[in-house]
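Peer 1: In this note's numbering, the protein residues as written are 181 to 420. Even for Gly, the Cβ is constructed at its ideal location relative to N, Cα and C.
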Ligand code: PXP
């Protein structure tokens, strides 16, 4: 059963645009769980332009499913927050400063020593680690060498090619997932997954454990309502 983790950052973006507490981000996390999501994801950035560090602490208190915090582990503030909050999973993303959204996976070979160290730190704190990677065999091999628990396949390339040629779009992801399985790595995926491309992805990727979805799900919420949107995404995963 592939798990759906709802990324609630966009609720925070909307809240911050007016300075008050509407929409209430903590309620958005509670409701995601009530509507059937298997987890909640947040992606705090140092400028706190969407999710704030205090949101991360408050969500920890209400989480009944799986809590995933993703972000740039080169930021000491991020490391400290994750070690304090102790989510079930941390997803390490090689963001640069001021980056609009994540747009590439780790070079797991070039950053081997760095990653091995930081992964050890989180694992010793009892936090499962996932590494954001492109679907490139060498990067999957490198991920196994640094002892991560899981990888998160960066799915933007899949999503952008899907409308013109879905078979071609998914091919590198199938190969990457097979390699990850051989190496004993768990497999997550995320970025630009939506109601059109999710089912094909989830039903073709061997060993897929979890997808994290934010932007499209929140856009669909505007038209369909939050509960409907969460349940429609769950249905694409064949679990609802
Ligand atoms: N995974 C990572 C590492 C991300 O940075 C994001 C976006 O915050 C997502 C998944 C979710 O992508 P989207 O918002 O396009 O669903």
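Please indicate yes or no: does the CB of residue 273 lie closer than 7 Å to some heavy atom of the ligand PXP?
Peer 2: The residue given as residue 273 occupies position 93 in the chain shown. Residue 273: yes, Cβ under 7 Å from the ligand PXP.
Peer 1: Any chance the CB of residue 372 is under 7 Å from a heavy atom of the ligand PXP?
Peer 2: Residue mapping note: residue 372 aligns to position 192 of the chain shown, counting from 1. Yes, the beta carbon of residue 372 sits closer than 7 Å to at least one heavy atom of the ligand PXP.
Peer 1: What is the residue span of the alpha helix (DSSP H) that residue 222 lies within?
Peer 2: Sequence index remark: in the chain shown, residue 222 carries index 42 (1-based). Careful: residue 222 lies outside any alpha helix (DSSP H), inside the beta strand (DSSP E) at 219–222.
Peer 1: By the three-class DSSP mapping on this structure, what secondary structure does residue 214 have?
Peer 2: Locating residue 214 in the chain shown gives position 34, where the first residue counts as 1. Here residue 214 sits in helix by DSSP.
Peer 1: Are the CB atoms of residue 194 and residue 217 nearer to each other than 8 Å?
Peer 2: The sequence position of residue 194 within the chain shown is 14, counting from 1. The sequence position of residue 217 within the chain shown is 37, counting from 1. Cβ distance not < 8 Å, so residue 194 and residue 217 don't count as in contact.
Peer 1: Work out the CA separation of residue 296 and residue 390 for me, nearest whole Å.
Peer 2: Residue mapping note: residue 390 aligns to position 210 of the chain shown, counting from 1. Residue mapping note: residue 296 aligns to position 116 of the chain shown, counting from 1. About 23 Å.
Peer 1: Measuring only the C-alpha atoms, how far is residue 339 from residue 373?
Peer 2: Indexing the chain shown from 1 puts residue 339 at position 159. Indexing the chain shown from 1 puts residue 373 at position 193. About 6 Å.
Peer 1: Shortest alpha-carbon distance to residue 349 belongs to which of 377, 329 and 303?
Peer 2: As a working mapping, residue 349 is identified with position 169 in the chain shown. Out of 377, 329 and 303, 377 has the C-alpha closest to the C-alpha of residue 349.
Peer 1: Please report the straight-line C-alpha distance between residue 207 and residue 418, rounded to a whole angstrom.
Peer 2: Here residue 207 refers to the residue found at position 27 of the chain shown. Here residue 418 refers to the residue found at position 238 of the chain shown. Approximately 26 Å, taken between the alpha carbons.
Peer 1: What residues are listed by DSSP as bridge partners for residue 251?
Peer 2: Residue mapping note: residue 251 aligns to position 71 of the chain shown, counting from 1. BP columns for residue 251 point to 272.
Peer 1: Can you tell me whether residue 312 sits near the ligand PXP, meaning its C-beta is under 7 Å from at least one heavy atom of the ligand?
Peer 2: Translated into the one-based positions of the chain shown, residue 312 becomes position 132. Result yes, Cβ under 7 Å from the ligand PXP.
Peer 1: According to DSSP, what are the bridge partners of residue 334?
Peer 2: The residue labelled residue 334 in the question sits at position 154 within the chain shown. BP columns for residue 334 point to 370.
Peer 1: Just to confirm before moving on: does the CB-CB distance between residue 282 and residue 368 stay below 8 Å?
Peer 2: Reading the chain shown from its first residue, position 102 is the one you call residue 282. Reading the chain shown from its first residue, position 188 is the one you call residue 368. No, the pair does not count as a contact, with Cβ atoms beyond the cut-off.
Peer 1: According to DSSP, is residue 246 part of a helix, a strand, or is it coil?
Peer 2: Along the chain shown, one-based indexing puts residue 246 at 66. Three-state result, residue 246: strand.
Peer 1: At what residue ranges does the region 358–408 contain a whole run of the beta strand (DSSP E), taking only runs of 3 or more?
Peer 2: Listed in chain order, the complete beta strand (DSSP E) runs (minimum 3 residues) inside the region 358–408 are 366–370 and 388–393.
Peer 1: Give me the residue from 313, 215, 358 and 251 with the minimum Cα distance to residue 228.
Peer 2: Residue 228 sits at position 48 when you count from the first residue of the chain shown. Nearest option by C-alpha distance: 251.
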